[in-house]
Amino acid sequence: MNAATKPVVVEASYAAAQNKQRLLVFCCTLLGAAAQVLMKTGANQLAHPGLVGILTNIPLMAGYTMYGVVTVLLVLALRDGELSLVYPIIALTYVWVTALSFVIFHDEVSVFKLIGVVAIVAGVAVMGKGSKK
Amino acid sequence: MLLVLFASVIGSFGAVFLKFGSAHLRESFWRIFNVQLALGVALYLGSSYFFVLGIRHGELSVLYPMVSLSYIWTVVWAKVFFQEAFTRQKFMGLALILLGVFFVGLGSK
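In the order they appear, the protein sequences are chains S and W.
Its first residue numbered 96, the first sequence is counted upward by one per residue in our numbering.
Its first residue numbered 5, the second sequence is counted upward by one per residue in our numbering.
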């Protein structure tokens with residue numbers, strides 16, 4: 096590798112790592128939304144909210160597990176990289192959960208809910224913009 | 005709705021303890037077993053228990069966005085426990101989040 100091409104290569108590999116990180120975080124938002132749907136499904140079936148009721152509730156336990164996996168993956172993904180660019184991606188979870196609530200649980204679609212979710216996503220993005228690194 | 009709110013407060017304390025606990029990791033990997041990290045994980049588990057109780061009744065499209073309120077507690081604890089600056093950007097972000105939760109609430113049945 097000669098001196099002239101080296102910075103370009105470093106820059107390209109940095110960009111590739113950034114893209115990989117963003118893709119991982121994006122997948123986390125989809126998995127996180129799926130976990131919420133599973134938890135809601137389980138919660139709806141939960142007759143007795145005791146320990147046995149929870150541990151024997153398959154959708155609920157699947158949702159908890161998925162949520163745990165997403166949390167660990169996010170911690171790993173966020174260890175390095177531009178947090179300010181990752182925050183708006185994380186906030187997409189609110190969009191997916193709202194959309195899935197309409198489709199799967201037949202929640203009432205309302206303009207207020209849509210405005211609210213857009214404001215929340217914008218809020219999370221703005222907060223991330225001020226974060227260091 | 006109150007249960008979801010309660011869960012978000014407990015969860016934000018979980019984050020505080022995880023942050024305290026993760027500082028030990030600089031010393032050695034095996035310090036991963038420390039009281040603060042364990043407490044952080046326990047608080048997260050407790051938070052998810054109350055969250056599930058909270059979403060049993062009601063619309064997920066209303067209750068899930070309430071989770072974003074945890075950003076508010078986190079910013080407050082970050083200032084109290086870790087002396088992190090309360091910037092204008094954080095303030096604007098929180099204002100938008102609050103407005104969003106308010107609108108989502110308006111859309112509930």
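Glycine included, C-beta positions come from ideal geometry on N, C-alpha and C.
(request) Using beta-carbon positions only, say whether residue 55 of chain W and residue 8 of chain W come within less than 8 angstroms of one another. (result) A distance below 8 angstroms separates the beta carbons of residue 55 of chain W and residue 8 of chain W.
(request) Please classify residue 135 of chain S: is it buried, with 16 or more other beta-carbons within 10 angstroms of its beta-carbon, or exposed? (result) Residue 135 of chain S comes out buried.
(request) Output the distance between the C-alpha atoms of residue 139 of chain S and residue 87 of chain W, rounded to the nearest integer angstrom. (result) 41 angstroms
(message) Buried or exposed, going by whether 16 or more other CB atoms sit within 10 Å of the CB of residue 145 of chain S?
(response) Taking all protein chains shown into account, residue 145 of chain S has fewer than 16 neighbouring C-beta atoms within 10 Å of its C-beta and is therefore exposed.
(message) Give me the residue from S:115, S:160, S:118 with the minimum Cα distance to residue 137 of chain S.
(response) S:160
(message) Which same chain residues end up closer than 7 angstroms to residue 193 of chain S when comparing Cβ atoms and leaving out the 5 residues on each side of it in sequence?
(response) Once the five neighbours on either side are set aside, the close Cβ partners of residue 193 of chain S are 208, 212.
(message) Just to make sure I have the definition right: I need the residues of chain S whose C-beta is within less than 9 angstroms of the C-beta of residue 4 of chain W. Which are they?
(response) The structure shown does not extend to residue 4 of chain W, since chain W is modelled only from 5 through 113, so no value can be given for it.
(request) Would you verify that the beta carbon of residue 108 of chain S is, or is not, closer than 8 angstroms to some beta carbon of chain W? (result) no
(request) Run down chain W in chain order and give the residues with a C-beta less than 9 angstroms from the C-beta of residue 193 of chain S. (result) Near residue 193 of chain S (Cβ distances below 9 angstroms), the residues of chain W are 64, 65, 68, 69, 108.
(message) Can you confirm whether residue 17 of chain W, when its beta carbon is compared against all beta carbons of chain S, has any partner nearer than 8 angstroms?
(response) no
(message) What does the alpha-carbon distance come out to for the pair residue 50 of chain W and residue 106 of chain S?
(response) 43 angstroms
(request) Kindly confirm or deny that the region 62 to 69 of chain W and the region 22 to 34 of chain W touch, where touching means at least three C-beta pairs closer than 8 angstroms. (result) no
(message) Under 8 angstroms, with one C-beta from each stretch per pair, do the region 38 to 45 of chain W and the region 117 to 130 of chain S reach the 3-pair mark?
(response) no
(request) Select from the region 17 to 50 of chain W all residues with a C-beta closer than 7 angstroms to any C-beta belonging to chain S, and list them in chain order. (result) none
(request) Decide if residue 151 of chain S is buried, meaning its Cβ has at least 16 other Cβ atoms within 10 Å, or exposed. (result) exposed
(request) May I ask you to report which of helix, strand or coil DSSP gives residue 106 of chain S? (result) helix
(request) Take residue 101 of chain W as the anchor and find which of W:32, W:110, W:34, W:73 has the nearest alpha-carbon. (result) W:73
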